[in-house]
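For the protein sequence lines, the chains are A and B, in the order given.
Under this note's numbering, read the first sequence as residues 2 to 349, first letter to last.
Under this note's numbering, read the second sequence as residues 977 to 1119, first letter to last.
C-beta: ideal position from N, C-alpha, C; glycine also.
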Amino acid sequence: MILNAYAVLAGFLSMLRLLLALVSIGVAMSLLRKRRSSLEREEVDAVENRTYLLSFLGLTVVVIAVLSWPLLYVLLQSYVPQWPGVMCIYGVTRIGAGSLGPSRFLPSLLTALQIIKPLMVFLAGSWLVLYCINRSARSGPLLGRLIALQVVLALVATADASLELAYLGIPKKEEFLSSGCCTEAVQNSATLEAYASEPAAAESHPWVRLGYYAANGAMIGMLYQLLRCLPACFHAGRRVMALLAAGVTGLITYQFLREVAAPEILRLPYHRCLYDLLPNAPLTVGAMACHLLAGFSVGWAVVAANSGRSAETDQAVTPTVSRCLFLALNGYLASLAIVTTQMVLAQP
Amino acid sequence: MTKSRWLTLLFVVALAVGLPLLGHALNRTGANTCALDGRIIEPGSRVVIRDGGKPAHEFCSIRCAEMWLARAGVSTTTVLVTDAITGQEIDATQAFYVRVPVFPRSEVHAFADRALAEKHADLLRGRLLEGDEMPFALLRQRH
Chain A
2 MILNAYAVLA GFLSMLRLLL ALVSIGVAMS LLRKRRSSLE REEVDAVENR
52 TYLLSFLGLT VVVIAVLSWP LLYVLLQSYV PQWPGVMCIY GVTRIGAGSL
102 GPSRFLPSLL TALQIIKPLM VFLAGSWLVL YCINRSARSG PLLGRLIALQ
152 VVLALVATAD ASLELAYLGI PKKEEFLSSG CCTEAVQNSA TLEAYASEPA
202 AAESHPWVRL GYYAANGAMI GMLYQLLRCL PACFHAGRRV MALLAAGVTG
252 LITYQFLREV AAPEILRLPY HRCLYDLLPN APLTVGAMAC HLLAGFSVGW
302 AVVAANSGRS AETDQAVTPT VSRCLFLALN GYLASLAIVT TQMVLAQP
Chain B
977 MTKSRWLTLL FVVALAVGLP LLGHALNRTG ANTCALDGRI IEPGSRVVIR
1027 DGGKPAHEFC SIRCAEMWLA RAGVSTTTVL VTDAITGQEI DATQAFYVRV
1077 PVFPRSEVHA FADRALAEKH ADLLRGRLLE GDEMPFALLR QRH
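Printed below as a string of structure tokens:
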């Protein structure tokens, strides 16, 4: 176990998240039971109090879940100096690979964490969107859906916190380093030949650059059109289309950032590593965060439009969908502007 | 869209363009970094590749320079390595090289003088590289 300030903070937040998530599940279950059976005044009050408690727990889990995502990368960055051959987070993610001890689980744990954290943040945002819509109504018509979503969020948060605690707890210090592009393990001439055959970023995949601007431009145009004709045009077909478009744009953007933007911005034409952006070009990481926020916002708009409807909340759904889509529009524009400006500035 | 939303969009775009510009203006540290892996170059292990009149490329190690050269495939190059004792730049084809163990890998150090290179190899339990083992083999063949 490597103890530094970030590890202590990450460990504390993981334990807090685990505790709150487990308490959330308990409160949600008891609330669901009482809602079905309670008729007396005292029990109605108790249900109401537990609803407030559950909302408070939900909001706290949302905040901690969102904080834990960037904290994971800051933690991994703080581990880089621990091994002499490790040059960036990629090297840290390879620690333990091929080992026989418990540290052999470290790469898989990190992969799982890197998948589960975005999922948790998306669920947290979905819960928050439904919570805001529900608050606009007097009788809380979305409470059942909110509780169900909160249980799912709490289960994911429990899994995430357990994985993170396991990652923090497994000893890493004595393990040897496996090879990778950022681990300096390229020693023999065969590897040198393999390196030599790889083209520079600027030469490879010329369509990726075109695809990136086309996809993001189309996404911005689509969001602008949707915002202009809400609520009529955001019907089921358009929602599916918006989700698909956000997913495809996300994949193209990932490919573009890895293959083209990162080597150009870092001025390392053969180095396709997004992890290096964190210490060397943090604004590009900001652009990635804006892009993810934009993609998630499209998803939250769909969640609001699909699950936020009831007789009492119909009035609140359209403004919420509009806010989410506007946030997405801002996110895509900001991401595009930051990446383009960084790439222009990186030109010799 | 309302006027306030247009203003918000304008503000976000201005911020997204302005922040990188501001960062670029403030971040002129001048620290030399390796053209292959971006690491800060230590003066004692600096390697410079010059290709005609083009700007020189600097590297943090002989290994990085070799890999860059293998990929870039430039023909009219001059490679200068740094003498591990004097810190002077020397022609890579004229230099003597010693591989020394530096846990957990090994490093190659360059020397202008063969006797000093052999002494260095003895001191650090390294090995003087000969023939095909020497770095920049292609460059050497051309000379």
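Looking only at its own chain, which residues have a Cβ that is under 7 Å from the Cβ of residue i, when we skip the five neighbours before and after it?
i	result
D1059 (chain B)	I1066, A1086, F1087, A1088
Y213 (chain A)	I253, T254, F257
A306 (chain A)	F235, R240, V318, V322
A1093 (chain B)	F1072, V1074, F1087, L1104
R36 (chain A)	V48
R1101 (chain B)	P1077
V157 (chain A)	I117, L120, M121, L124
L279 (chain A)	Y74, Q78, I90, V286
L373 (chain A)	As shown, chain A starts at 2 and ends at 349. That puts residue 373 (chain A) outside it, with no answer to give.
By alpha-carbon positions, which one of the options ends up nearest to residue i?
i	options	result
A1113 (chain B)	B:V1078, B:A1068, B:V1076, B:D1098	B:A1068
R210 (chain A)	A:R324, A:A246, A:L129, A:F257	A:F257
I3 (chain A)	A:K173, A:R146, A:L267, A:V63	A:K173
G1020 (chain B)	B:L1115, B:C1036, B:D1108	B:C1036
S127 (chain A)	A:L114, A:G141, A:Q115, A:I148	A:I148
V64 (chain A)	A:L17, A:Q83, A:G99, A:G145	A:L17
Q1070 (chain B)	B:R1116, B:N1008, B:A992	B:R1116
D1098 (chain B)	B:T1053, B:V1076, B:L998	B:V1076
G27 (chain A)	A:R51, A:V9, A:E44	A:R51
G92 (chain A)	A:A29, A:V81, A:G102	A:V81
R310 (chain A)	A:V340, A:C133, A:Y53, A:S31	A:C133
N1003 (chain B)	A:M30, A:N281, A:G332	A:N281
D1027 (chain B)	B:E1018, B:T984, B:T1053	B:T1053
A247 (chain A)	A:Q151, A:M223, A:C230, A:L267	A:M223
V9 (chain A)	A:T94, A:A302, A:L169	A:L169
L985 (chain B)	A:I221, A:A167, A:N135	A:I221
I171 (chain A)	A:A29, A:P85, A:S100	A:S100
V67 (chain A)	A:A290, A:L346, A:R105, A:G332	A:A290
Below 9 Å on C-beta distance, what does residue i contact in chain B?
i	result
L231 (chain A)	Correct list: empty, because the minimum Cβ distance to chain B is about 10 Å.
Q226 (chain A)	Ordered by position in chain B, no residue passes the 9 Å Cβ test against Q226 (chain A), which lies about 11 Å from the chain.
T342 (chain A)	A992, V993, G994, L995, P996, L997, H1000
N135 (chain A)	Here the premise fails: no neighbours, minimum Cβ distance about 25 Å.
Give the residues of chain A in contact with residue i, contact being defined as C-beta atoms less than 9 Å apart.
i	result
T984 (chain B)	F327, N331
Contact defined as beta carbons within less than 8 Å: I believe residue i pairs with residue j. What is the distance between those atoms, to the nearest angstrom?
i	j	result
V1084 (chain B)	I1038 (chain B)	5 Å
L294 (chain A)	Q343 (chain A)	Between Q343 (chain A) and L294 (chain A) the Cβ distance is about 18 Å, and since that is not below 8 Å, they are no contact.
R273 (chain A)	E265 (chain A)	Incorrect: roughly 11 Å between the Cβ atoms, too far for contact.
S137 (chain A)	A317 (chain A)	4 Å
V1057 (chain B)	V1023 (chain B)	5 Å
A155 (chain A)	S25 (chain A)	4 Å
L76 (chain A)	A11 (chain A)	5 Å
V299 (chain A)	A243 (chain A)	5 Å
I96 (chain A)	Y276 (chain A)	In fact, because the Cβ distance is near 13 Å, the residues do not count as touching under 8 Å.
S249 (chain A)	A216 (chain A)	Checking the displayed sequence, the identity of residue 249 (chain A) turns out to be Val instead of Ser. V249 (chain A) to A216 (chain A), Cβ: 7 Å. Contact.
L21 (chain A)	V62 (chain A)	5 Å
T341 (chain A)	P142 (chain A)	Not a contact, Cβ separation roughly 44 Å.
M992 (chain B)	A338 (chain A)	For clarity, residue 992 (chain B) is Ala in the given sequence; the question names Met instead. Their Cβ separation, rounded to whole angstroms, is 4 Å, which keeps A992 (chain B) and A338 (chain A) in contact under 8 Å.
V153 (chain A)	A29 (chain A)	So it is not a contact: roughly 10 Å between Cβ atoms.
So with CB distances below 7 Å, who are the chain A contacts of residue i?
i	result
R1015 (chain B)	M88
M1110 (chain B)	The premise fails here: M1110 (chain B) is roughly 12 Å from chain A at the closest Cβ pair, so nothing lies under 7 Å.
R981 (chain B)	F327
Name the chain B residues that come within less than 7 Å of residue i, Cβ to Cβ?
i	result
A338 (chain A)	V989, A992, V993
D277 (chain A)	G1014
L267 (chain A)	G1014
By Cβ distance below 8 Å, which residues in the same chain neighbour residue i in space, the five residues on each side in sequence not counted?
i	result
L164 (chain A)	L110, A113, L114, I117
Q188 (chain A)	Caution is warranted here: a pLDDT of 45 is assigned to Q188 (chain A), below 50, making its placement in the model unreliable, and the coordinate value is therefore given only provisionally. Same-chain partners within the cutoff: there are none.
Y7 (chain A)	L72, V75, L76, S79
L228 (chain A)	S323, L326, F327, L330
V351 (chain A)	Residue 351 (chain A) lies beyond the range of chain A shown here (2 to 349); nothing can be said about it.
P1031 (chain B)	none
E1018 (chain B)	C1036
L166 (chain A)	G12, S15, M16, L19
Output, in chain order, the set of chain B residues within a Cβ distance shorter than 8 Å of residue i.
i	result
L294 (chain A)	Those do not exist, as L294 (chain A) stays about 12 Å from chain B at its closest Cβ, beyond 8 Å.
A335 (chain A)	V988, V989, L991, A992
L284 (chain A)	L995, P996, G999
N281 (chain A)	G1014
L346 (chain A)	P996, L997, H1000
With a CB to CB cut of under 6 Å and the five nearest residues on each side skipped, what residues in its chain are close to residue i?
i	result
A162 (chain A)	S15, R18, L19
H1033 (chain B)	A1011, I1025
A302 (chain A)	V322, C325, L326
L150 (chain A)	W128
Can residue i be considered in contact with the ligand GTP, in the sense that its beta carbon sits closer than 7 Å to one or more heavy atoms?
i	result
S56 (chain A)	Looking at this structure, you won't find the ligand GTP or any other ligand, since it has none at all.
> Do three or more CB pairs link the stretch 1006-1017 of chain B to the stretch 1034-1047 of chain B at distances below 8 Å?
Replying inline: Remark: three or more beta-carbon pairs, one from each stretch, lie closer than 8 Å, so the stretch 1006-1017 of chain B and the stretch 1034-1047 of chain B are flagged as touching.
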